[in-house]
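Residue numbers (our numbering), protein chains in the order written: chain P, 4 to 259; chain R, 13 to 206; chain U, 13 to 206. Where a beta carbon is used, it is the ideal one built from N, C-alpha and C, also for glycine. Working notes, structure below.
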Amino acid sequence: MSDHDDNFDLPLVQEPSGDVLTLELDGWEGPLDLLLSLARVQKVDLREISILALVEQYLRFIENAKALKLEIAADYLVMAAWLAYLKSGLLLPGDPEIDPSPEELAMRLQLRLQRLNAMREAGARLMARDRLGRDVFTRGLPEGLRLVRKAAWDASLYDLIAAYGVVRARAEVPVHVVQRRRVMTLEQAIDRVARMVGSAIDWAMLESFLPPGAEGEYRRSALASSFVATLELARQGRVALMQESAFAPLMIRGTA
Amino acid sequence: MSEGGEPDDFLRALEAALFAAESPMTDAELATVIGVERLGDALLRLQALYAGRGIELVDRGGRWHFQTAGDLAHILRRTREESRKLSRAGIETLAIIAYHEPVSRAEIESIRGVQISKGTLDVLLEAGWIRPAGRREVPGRPIIYATTPTFLSHFGLDSRRDLPGIADLKAAGLLDPVDLAFAQLEMEKPDDHA
Amino acid sequence: MSEGGEPDDFLRALEAALFAAESPMTDAELATVIGVERLGDALLRLQALYAGRGIELVDRGGRWHFQTAGDLAHILRRTREESRKLSRAGIETLAIIAYHEPVSRAEIESIRGVQISKGTLDVLLEAGWIRPAGRREVPGRPIIYATTPTFLSHFGLDSRRDLPGIADLKAAGLLDPVDLAFAQLEMEKPDDHA
C-alpha cells in the first residue's frame with residue numbers, strides 16, 4: 004500500500020490537448036463501485052480488507068481528482084465526507100456515546116462491498132452459463148401441439164404495461180402546477196406579533212409568537228415571517244429585540 | 013442404444029444439429045455445420061437409432077429432418093391455429109380498461125386520444141379478457157367494460173393491484189417517447205470488467 | 013434402448029409431444045395433450061433415456077423441454093443472437109433480482125449504491141426475464157420484481173436453487189434483507205431526479 008498512485012487501477016485518459024492527464028470518473032458507477040475496485044486492489048479476501056486503508060485510498064483519489072480540476076459528481080463528495088467522518092471516528096479513541104460506533108459503520112461498509120461484489124460475480128457466472136438460443140437450442144422446427152388452454156390472441160404482460168405507458172406518454176401534456184403551500188405572509192405576521200406583544204411586558208422568545216400547533220413547512224414559514232415582522236416592528240420602535248450571543252434565542256418585548 | 017453402445021460424439025453432434033435446424037438439411041449442409049468432410053453412413057445410423065420411437069428421422073428428397081411418428085399425429089395441432097399478436101389498438105385498449113376499469117368506450121377514446129373501432133372491443137371480448145360490466149348512469153347509459161379472471165391468469169397477475177403504477181412505469185422508462193427509450197436501452201458496450 | 017427394451021407407447025407419445033411443443037410444457041399440460049390422467053415418473057424415465065445424447069430433456073422450474081446438449085455449444089453457437097449485449101448495470105440488476113427475489117427498486121439501488129437508470133428494468137422486462145410480482149406492504153407500496161420461467165430456461169436452471177453459488181451466499185448472510193434505512197442514510201443522494 005506504499006506505492007500510492009500505482010495502486011489505483013485508474014483508466015487514464017489523454018486529453019486532446021496532450022498535456023493534462025485526467026481521471027475518468029465515468030468509469031465507475033457511483034462511489035460504491037469505486038470503493039469496490041479500490042478494495043479489490045488490496046488483493047485479499049473482501050472480509051479482511053482494511054477499511055481504514057480503503058478510506059484513505061478513496062479520499063486520496065477524490066483529492067487527486069480535485070487537483071486535476073475534474074468535475075466530480077456530488078455523490079462522490081458526499082461519500083468522501085462520510086468516509087472522512089468515519090476515518091476520524093476510527094482514529095480517535097472510542098467514544099461510547101456515539102451510536103452506531105465507527106467500528107460498526109466500518110463493518111457495515113465492508114458488508115455492503117461484499118454484497119455488491121457477490122452480485123457482480125453472480126452476474127458474471129450467470130452470463131457465462133450455457134444460454135438458450137446461444138449455446139443450447141430448442142427444436143428448430145416444432146410441429147406445434149393441439150391447443151391446450153392457450154388463448155388464440157397472444158400478448159404478454161410487458162406488452163400490456165408498455166402499451167399503457169405509450170398511451171399515458173401520448174396523453175401527458177406537461178402541465179406544471181405550483182403546489183399551494185401553507186405560508187404565513189409578512190402582513191399576517193406583523194399583525195399577529197404586534198397584537199401579541201402589546202399584552203406582553205416580559206421578554207419572550209420569538210418562537211412563542213408562533214401559532215400553536217404549527218408544524219413542518221408552515222412552522223418554518225411562520226418563523227421566518229415572524230422574524231422579519233419583529234425587525235419591522237423594531238424599526239418602527241414598537242418592540243425591543245435582544246440576543247445574548249450568536250444563535251442564542253431571540254427575545255422580544257413590547258416598548259409600549 | 014440398440015445400435016451398439018453409446019452414440020459417439022459425431023452422432024451426438026449430428027443429432028443436435030438436426031434437432032436445432034430451422035429447415036430440413038442436406039447431407040452436405042450438415043457436414044459443414046458439424047465440421048466434418050463427409051457424413052458417411054451417420055445419417056442412416058441415426059435413423060436406425062430412432063426407429064420405433066416417438067419421433068423419427070426422415071429423408072425427403074435428400075433433405076433430412078426429425079418429425080413426429082405418423083401414428084402419433086393425433087396429438088399434433090391439426091388446424092394451424094396461429095396465435096396472433098394483438099393489434100396495437102387492441103393492446104392499448106386492453107391496458108386502458110385494466111388500469112381504469114370500469115370504463116365506457118367514450119372514456120377509453122378520450123384516454124387514448126384516438127377513436128376505437130367496434131372490432132377492437134370484439135377481439136378483447138372474444139379472447140375472454142374483458143366483459144361488459146353494466147352501464148354508466150349518465151345520459152345514453154353507455155356500456156362499461158372491466159377485465160375478467162381469464163385476463164388475470166393470462167397475464168400472470170394475482171390481482172389488478174399488481175399492475176405497475178404510473179410512477180413505476182416512469183421509473184422503468186416506459187413513459188418516455190419511443191425513440192428516447194430506445195436510445196437508453198443500454199445494450200451497447202461489451203464490458204470487460206464484470 | 014439402454015433403459016430396458018423399446019419405449020412403450022406412453023413414452024413415445026410423451027417424447028413426440030415434447031418434440032412438437034413450441035414452448036416448455038408443464039407436467040399437467042403434457043398429460044392433457046397425450047390424453048392421460050397423470051404422467052407419473054414418465055418424464056424422469058424419458059430424461060434417463062436421453063442422458064448422454066446430443067439432445068437432452070430438461071426441467072426448468074416445472075416446465076420441461078428438449079434442448080441440445082451444452083457441450084455441443086461450440087458447434088451450434090450462433091453469433092448473431094449475441095448482438096444485443098446486456099450492460100453491466102443490466103447484468104447486476106438481473107443478478108440482484110434473481111438472488112434476492114422479490115426485491116423492490118429501492119432495494120436493488122441500495123445494493124448497487126447507485127440509482128437504476130431508466131431502461132435497465134425495462135430491458136429485463138422486455139426480455140421476459142423479470143416480472144412485477146406484487147407490491148411490498150410498506151409505505152409507498154413499491155412494486156417488487158421477481159424472475160420468470162423464461163429466465164430459468166434461458167439460463168439453463170432447473171430452479172432458483174440452482175443459481176450458481178446461491179447456497180454459499182445465503183450461508184454467508186450476503187442475501188439477507190437489506191438494511192434499507194441504514195443504506196439510505198449513508199448514501200443519501202443530493203437529488204433524486206436522475
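Would you mind working out which of E104(R), A40(R), A81(R) and A183(R) sits nearest A174(P), comparing C-alpha positions?
-> Residue 174(P) sits at position 171 when you count from the first residue of the first sequence. Ranked by Cα distance from A174(P), the first of E104(R), A40(R), A81(R) and A183(R) is E104(R).
Taking G73(U) as the reference, which of M37(U), S122(U) and A118(U) has the closest Cα?
-> By one-based count along the third sequence, residue 73(U) stands at place 61. Answer by Cα proximity: M37(U).
Compare the C-beta of G131(R) with all C-beta atoms of chain P and state if any pair is closer than 7 Å.
-> Working through the second sequence from its first residue, we reach residue 131(R) at position 119. It does not: the Cβ of G131(R) has no partner Cβ on chain P nearer than 7 Å.
Cα separation between W76(R) and G66(U)?
-> Counting from 1 along the second sequence, the entry for residue 76(R) is found at position 64. Counting from 1 along the third sequence, the entry for residue 66(U) is found at position 54. Distance between W76(R) and G66(U), taken at the CA atoms: about 17 Å.
Does any C-beta atom of chain R lie closer than 7 Å to the C-beta of F31(U)?
-> Within the third sequence, residue 31(U) is the residue found at index 19, counting from 1. True, the Cβ-Cβ gap to chain R drops below 7 Å.
Which term fits G152(U), buried or exposed, when burial requires 16 or more other beta carbons within 10 angstroms of its beta carbon?
-> Here residue 152(U) is taken as the residue at index 140 of the third sequence, counted from 1. Burial call: exposed.
Kindly indicate the opening and closing residues of the beta strand (DSSP E) around P105(P).
-> Indexing the first sequence from 1 puts residue 105(P) at position 102. It is not in any beta strand (DSSP E) - P105(P) instead sits in the alpha helix (DSSP H) that spans P105 to M130.
Pair every Cβ in the region 18-29 of chain R with every Cβ in the region 219-229 of chain P, then say whether three or more of these pairs are closer than 8 Å.
-> Segments in contact, no.
Under 8 Å by Cβ, that's how I've got P154(R) and R147(R) pegged, so tell me the actual separation to the nearest angstrom.
-> Counting from 1 along the second sequence, the entry for residue 154(R) is found at position 142. Counting from 1 along the second sequence, the entry for residue 147(R) is found at position 135. A Cβ-Cβ separation of about 6 Å places P154(R) in contact with R147(R) under the 8 Å criterion.
Checking contacts by CB at 7 Å: is A154(P) closer than that to chain U?
-> What you label residue 154(P) is simply residue 151 of the first sequence in a count that begins at 1. Model confidence at A154(P) stands at a pLDDT of 47, short of 50, so the residue's coordinates are unreliable; what they give is reported in the following sentence. At a cut-off of 7 Å between C-beta atoms, A154(P) does not count as an interface residue with respect to chain U.
Using a Cβ cut-off of 8 Å, pull out every chain P residue sitting near L181(U), in sequence order please.
-> To locate residue 181(U), count along the third sequence from 1; it is residue 169. Near L181(U) (Cβ distances below 8 Å), the residues of chain P are A121 and A125.
Indicate whether I65(P) and A77(P) have their beta-carbon atoms separated by less than 7 Å.
-> Locating residue 65(P) in the first sequence gives position 62, counting from the first residue. Locating residue 77(P) in the first sequence gives position 74, counting from the first residue. No; because the gap between Cβ atoms is not below 7 Å, this pair is not in contact.
Does any C-beta atom of chain P lie closer than 7 Å to the C-beta of T160(U)?
-> Along the third sequence, one-based indexing puts residue 160(U) at 148. For T160(U), the closest Cβ of chain P is not nearer than 7 Å.
For A32(U), the nearest candidate out of L42(R), D39(R), I87(R) and A54(R) (CA to CA) | The residue labelled residue 32(U) in the question sits at position 20 within the third sequence. Comparing alpha-carbon positions, the option among L42(R), D39(R), I87(R) and A54(R) lying closest to A32(U) turns out to be I87(R).
Under 7 Å between C-beta atoms, does G52(R) make it to chain U?
-> For the purposes of this step, residue 52(R) is identified with residue 40 of the second sequence, where counting begins at 1. Chain U contact via Cβ: absent.
Any beta-carbon of chain R closer than 7 Å to the one on F140(P)?
-> Mapped onto the first sequence, residue 140(P) falls at position 137. Yes, its Cβ sits closer than 7 Å to a Cβ of chain R.
Under the rule that 16 or more other beta-carbon atoms within 10 Å means buried, what is L234(P), buried or exposed?
-> If you number the first sequence from 1, residue 234(P) lands on position 231. It counts as exposed.
To which residues does DSSP link I155(R) through a beta bridge?
-> Mapped onto the second sequence, residue 155(R) falls at position 143. DSSP lists R147(R) as the beta-bridge partner residues of I155(R).
Per DSSP, what kind of secondary structure is T80(R) in: helix, strand or coil?
-> The residue labelled residue 80(R) in the question sits at position 68 within the second sequence. In the displayed model, T80(R) falls within a strand according to three-state DSSP.
Is R173(U) buried or exposed, if buried means 16 or more other CB atoms sit within 10 Å of its CB?
-> Stepping through the third sequence from its first residue, residue 173(U) is reached at position 161. With fewer than 16 other Cβ atoms within 10 Å, it is exposed.
Buried versus exposed call for E93(U) [16 or more other C-beta atoms within 10 Å across all chains shown] = Taking the third sequence and counting its residues from 1, the one referred to as residue 93(U) is at position 81. Confidence is the limiting factor: at E93(U) the pLDDT is only 49, short of 50, which leaves the residue's position unreliable and the question unanswerable from this model.
Kindly indicate which residue of S35(U), G177(U), S129(U) and E121(U) has the alpha-carbon position closest to the one of D71(U).
-> In the third sequence, the residue the question calls residue 71(U) occupies position 59. Considering only S35(U), G177(U), S129(U) and E121(U), the residue with the shortest C-alpha distance to D71(U) is S35(U).
Pair every Cβ in the region 108-119 of chain P with every Cβ in the region 28-38 of chain P, then say whether three or more of these pairs are closer than 8 Å.
-> In short, these stretches touch, since the Cβ pair count reaches three.
Could you tell me the distance, in whole angstroms, from the CA atom of L175(R) to the CA atom of I108(R)?
-> One-based indexing of the second sequence puts residue 175(R) at position 163. One-based indexing of the second sequence puts residue 108(R) at position 96. The straight-line gap from Cα to Cα measures roughly 12 Å.
Would you identify the three-state DSSP class for A107(U), choosing helix, strand or coil?
-> Residue numbering aside, residue 107(U) sits at position 95 when the third sequence is read from its first letter. Secondary structure of A107(U) (DSSP, three-state): helix.
S165(R) versus A110(R): straight-line alpha-carbon distance, rounded = Taking the second sequence and counting its residues from 1, one reaches residue 165(R) at position 153. Taking the second sequence and counting its residues from 1, one reaches residue 110(R) at position 98. Taking the straight line from one Cα to the other gives about 13 Å.
Could you list which residues in chain R have their beta carbon closer than 9 Å to that of T105(U), in chain order?
-> The sequence position of residue 105(U) within the third sequence is 93, counting from 1. Those do not exist, as T105(U) stays about 10 Å from chain R at its closest Cβ, beyond 9 Å.
Cα separation between M199(P) and P214(P)?
-> As a working mapping, residue 199(P) is identified with position 196 in the first sequence. As a working mapping, residue 214(P) is identified with position 211 in the first sequence. Straight across, the Cα-Cα distance linking M199(P) with P214(P) is about 11 Å.
G257(P) - containing beta strand (DSSP E), residue span = Numbered from 1 along the first sequence, position 254 holds the residue referred to as residue 257(P). The continuous beta strand (DSSP E) containing G257(P) extends over residues M254 to G257.
Given a cut-off of 7 Å, decide if G219(P) and V242(P) are closer than it, judged by their beta-carbon atoms.
-> Position 239 of the first sequence, counted from the start, is the residue given in the question as residue 242(P). Position 216 of the first sequence, counted from the start, is the residue given in the question as residue 219(P). Pairing V242(P) with G219(P) gives a Cβ-Cβ distance that is not under 7 Å.
Would you call P145(P) buried or exposed, if buried means 16 or more other Cβ atoms sit within 10 Å of its Cβ?
-> If you number the first sequence from 1, residue 145(P) lands on position 142. With 16 or more other Cβ atoms within 10 Å, it is buried.
How about A165(P): is its C-beta nearer than 7 Å to some C-beta of chain R?
-> Your numbering for residue 165(P) matches position 162 in the first sequence. For A165(P), the nearest CB of chain R lies under 7 Å from its own CB, placing it at the interface with that chain.
Simplified DSSP state of V45(U), which is helix, strand or coil = In the third sequence, counting from the first residue as 1, residue 45(U) sits at position 33. In this structure, V45(U) counts as helix in the three-state DSSP scheme.
Out of curiosity, what's the CA-to-CA distance linking R171(P) and V150(R)?
-> Position 168 of the first sequence, counting from 1, holds the residue named residue 171(P). Position 138 of the second sequence, counting from 1, holds the residue named residue 150(R). The alpha-carbon atoms of R171(P) and V150(R) are separated by roughly 25 Å.
Within the same chain, show all residues whose beta-carbon is closer than 7 Å to that of L186(R), passing over the 5 residues directly before and after it, in chain order.
-> As a working note, residue 186(R) is residue 174 in the second sequence. For L186(R), where only same-chain residues beyond five positions count, there are no Cβ hits under 7 Å.
Among residues of its own chain, excluding the 5 on either side of F163(R), which ones have a beta-carbon nearer than 6 Å to its beta-carbon?
-> Here residue 163(R) corresponds to residue number 151 of the second sequence, with the count starting at 1. Within the same chain, F163(R) has close Cβ partners W141.
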